[in-house]
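In this note's numbering, the protein residues as written are 26 to 93.
Encoded as structure tokens, the structure appears first; notes follow it.
The following block contains the structure:
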């Protein structure tokens, strides 16, 4: 809980993206991150996600909108 509070404070009102392991999606959703499916993911993050997936890592792309 403290880690999430600190992370949320550090992000502030800015938009923020992350690429966590699948099993951590619920953890990050507690501070407003939502899973992104399909379009709308910046190309460099989509490429990074693919590299992680190709190496066997089970990850998702998540976004926390501005002003959460």
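The beta carbon of each residue, even a glycine, is placed where N, CA and C say it ideally should be.
If you're wondering where the values come from, they're calculated on a predicted model, not measured in any experiment.
Three-state class that DSSP yields for residue i in the structure shown
i, result
"residue 86", "coil"
"residue 73", "helix"
"residue 27", "helix"
C-alpha gap between residue i and residue j, whole angstroms
i, j, result
"residue 31", "residue 68", "28 Å"
"residue 76", "residue 58", "22 Å"
"residue 26", "residue 53", "11 Å"
Where residue i falls, given that 16 or more other Cβ within 10 Å makes a residue buried
i, result
"residue 86", "buried"
"residue 46", "exposed"
"residue 102", "Nothing about residue 102 can be reported from this structure: the residues present for the chain run from 26 to 93 only."
"residue 89", "buried"
Whole-angstrom C-beta distance between residue j and residue i, which should lie under 8 Å
i, j, result
"residue 84", "residue 78", "7 Å"
Within-8 Å CB hit, residue i to chain B
i, result
"residue 38", "Protein chains in the displayed structure number just one, and chain B is not present."
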